[in-house]
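Student: Let me begin by handing over the structure; questions about it come next.
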Amino acid sequence: MGAMVIRNRLTPAVADVRRAVREGLEALNLEPNSRVLVACSGGPDSMALAAGLLFEGPKLGLRVAAVVVDHGLQEASTKVAQSTAAKLEELGADPVVIETITVVEAGNGPEAAARTARYEALERARKLVSAEVIFLGHNLEDQAETVLLGLTRGSGLRSIAGMQDFDENKKLVRPLLGIKREVLLQACIDQDIEAWQDPHNKDPKFTRVRIRQLLDKLEAELGPGFASALARTAELASESDDVLLSVAQELV
Numbered sequence: 004m005g006a007m008v009i010r011n012r013l014t015p016a017v018a019d020v021r022r023a024v025r026e027g028l029e030a031l032n033l034e035p036n037s038r039v040l041v042a043c044s045g046g047p048d049s050m051a052l053a054a055g056l057l058f059e060g061p062k063l064g065l066r067v068a069a070v071v072v073d074h075g076l077q078e079a080s081t082k083v084a085q086s087t088a089a090k091l092e093e094l095g096a097d098p099v100v101i102e103t104i105t106v107v108e109a110g111n112g113p114e115a116a117a118r119t120a121r122y123e124a125l126e127r128a129r130k131l132v133s134a135e136v137i138f139l140g141h142n143l144e145d146q147a148e149t150v151l152l153g154l155t156r157g158s159g160l161r162s163i164a165g166m167q168d169f170d171e172n173k174k175l176v177r178p179l180l181g182i183k184r185e186v187l188l189q190a191c192i193d194q195d196i197e198a199w200q201d202p203h204n205k206d207p208k209f210t211r212v213r214i215r216q217l218l219d220k221l222e223a224e225l226g227p228g229f230a231s232a233l234a235r236t237a238e239l240a241s242e243s244d245d246v247l248l249s250v251a252q253e254l255v
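Residue numbers (the numbering used here): 4 to 255.
Here is the structure:
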């Protein structure tokens, strides 16, 4: 089956995603013919990211591979992983790898164990396909939730600095931290990309879901700009942390 042509209807949502992806790619300054890897769960965030990469990457002479991680935590997880991989192949990702993992719960709980296993699987896939970096679909609300979680735990500056848009050590790129979840969903709709909705995203037994519900409540009470303000806090905290680290290194 040939690659599906990404619907080229340039709506505001699609333009926002493509712009963010293009800026993320250009900042890397990769050599032509380099390969990047996009991690995709099948949800709207990562599918919008994959479509953006597959549109912008080739224009810069880059190849785009994809990886789908099957956590095995739901009955339909294997089917979802296979379906997502097929969609990515239709969009033009090559190759598409499915990484099946077994989550072994440790002292930090099931969420931390799943996260550790997932990132290990992503790194295996990166090495397997010889990709320079891994692109992740974390969005503005994800960043705000990370900051809020840090605040509820009384964490230090590094914790409320949230996620980095580029983690050079782990070779992770997050170009969508400034884009809201609803925009990414709309980008999928505008491009006729079917996205999967993970039922775990609504299960309050998970800490991240409870934080998400708290964020929704705070936005309802304090205004729709609250998540953006938290994300901005992460950016400022990250800058401050970088300055402090630089000063400390000079003093050593």
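Every residue, glycine too, gets a C-beta built ideally from N, C-alpha and C.
On a predicted model such as this, the values are computed, not experimentally measured, just so you know.
Please name the residue, chosen from Glu102, Val41, Met50 and Glu34, that lies closest to Asp193 on a Cα-to-Cα basis.
Tutor: Within the sequence shown, numbered from 1, the residue matching residue 193 stands at position 190. Considering only alpha carbons, the answer is Met50.
Student: Quick check on the burial criterion: 16 or more other C-beta atoms within 10 angstroms. Buried or exposed for Gly226?
Tutor: Here the question's residue 226 lines up with position 223 in the sequence shown. Classification for Gly226: exposed.
Student: On a Cα-Cα basis, can you pick out the residue from Ser162, Lys90, Leu125 and Arg66 that is closest to Val72?
Tutor: Position 69 of the sequence shown, counted from the start, is the residue given in the question as residue 72. The option with the nearest alpha carbon to Val72 is Leu125.
Student: Rounded to the nearest angstrom, how far is the Cβ of Ala147 from that of Leu233, given a contact under 8 angstroms?
Tutor: What you label residue 147 is simply residue 144 of the sequence shown in a count that begins at 1. What you label residue 233 is simply residue 230 of the sequence shown in a count that begins at 1. Between Leu233 and Ala147 the Cβ distance is about 4 angstroms, and since that is below 8 angstroms, they are a contact.
Student: Mark Leu254 as exposed unless 16 or more other C-beta atoms lie within 10 angstroms of its C-beta, in which case mark it buried.
Tutor: As a working mapping, residue 254 is identified with position 251 in the sequence shown. Low confidence applies to Leu254: its pLDDT is 49, below 50, so where it sits in the model is not reliable enough to give any reading.
Student: Helix, strand or coil: which one does DSSP assign to Val132?
Tutor: As a working note, residue 132 is residue 129 in the sequence shown. If DSSP states are grouped into helix, strand and coil, Val132 belongs with the helices.
Student: Do you know whose CA, among Leu221, His203 and Phe209, lies nearest Ala79's CA?
Tutor: On the sequence shown, position 76 is the one that residue 79 refers to. For Ala79, the nearest C-alpha among the options comes from His203.
Student: Name the residue from Arg38, Leu131, Val24 and Pro15 whose alpha carbon lies nearest to the alpha carbon of His141.
Tutor: Residue numbering aside, residue 141 sits at position 138 when the sequence shown is read from its first letter. The shortest C-alpha separation from His141 is found at Val24.
Student: With DSSP collapsed to three states, give me the class of Asp170.
Tutor: To locate residue 170, count along the sequence shown from 1; it is residue 167. Here Asp170 sits in strand by DSSP.
Student: Nearest CA to the CA of Arg177: which residue from Ala89, Cys191, Asp145 and Leu63?
Tutor: Here residue 177 refers to the residue found at position 174 when the sequence shown is read from its first residue. The shortest C-alpha separation from Arg177 is found at Asp145.
Student: Contact between the stretch 200-218 and the stretch 159-175 is defined here as three or more beta-carbon pairs at a separation below 8 angstroms; is this criterion met?
Tutor: no
Student: Go through the stretch 81-106 residue by residue and report every complete run of the beta strand (DSSP E) that reaches 3 residues or more, in order.
Tutor: 99-103
Student: Give me, in chain order, the residues of the same chain whose beta-carbon lies closer than 7 angstroms to that of Leu221; leave out the 5 immediate sequence neighbours on both sides.
Tutor: As a first step, residue 221 is located in the sequence shown; it is residue number 218 there, counting from the start. For Leu221, where only same-chain residues beyond five positions count, the Cβ hits under 7 angstroms are Phe229.
Student: Along the chain, which unbroken stretches of the alpha helix (DSSP H) at least 4 residues long are found entirely within the stretch 20-76?
Tutor: As summarised for the stretch 20-76, the continuous alpha helix (DSSP H) elements at least 4 residues long and confined to that stretch are 47-59, given in chain order.
Student: Using CA coordinates, which residue listed in Gly60, Arg213 and Ala190 is at the minimum distance from Val136?
Tutor: As a first step, residue 136 is located in the sequence shown; it is residue number 133 there, counting from the start. The residue with the shortest Cα to Cα distance from Val136 is Gly60.
Student: Please state the DSSP three-state secondary structure of Leu175.
Tutor: Translated into positions along the sequence shown, residue 175 becomes position 172. Residue state, collapsed to three classes: strand.
Student: Quick test of the definition: if touching needs 3 or more C-beta pairs under 8 angstroms, does the stretch 116-130 touch the stretch 25-36?
Tutor: no
Student: In its own chain, which residues sit with a C-beta less than 8 angstroms from the C-beta of Met166, not counting the 5 before and 5 after it?
Tutor: What you label residue 166 is simply residue 163 of the sequence shown in a count that begins at 1. Same-chain partners within the cutoff: His141, Asp145, Gln146, Thr149, Arg177, Leu180 and Ala237.
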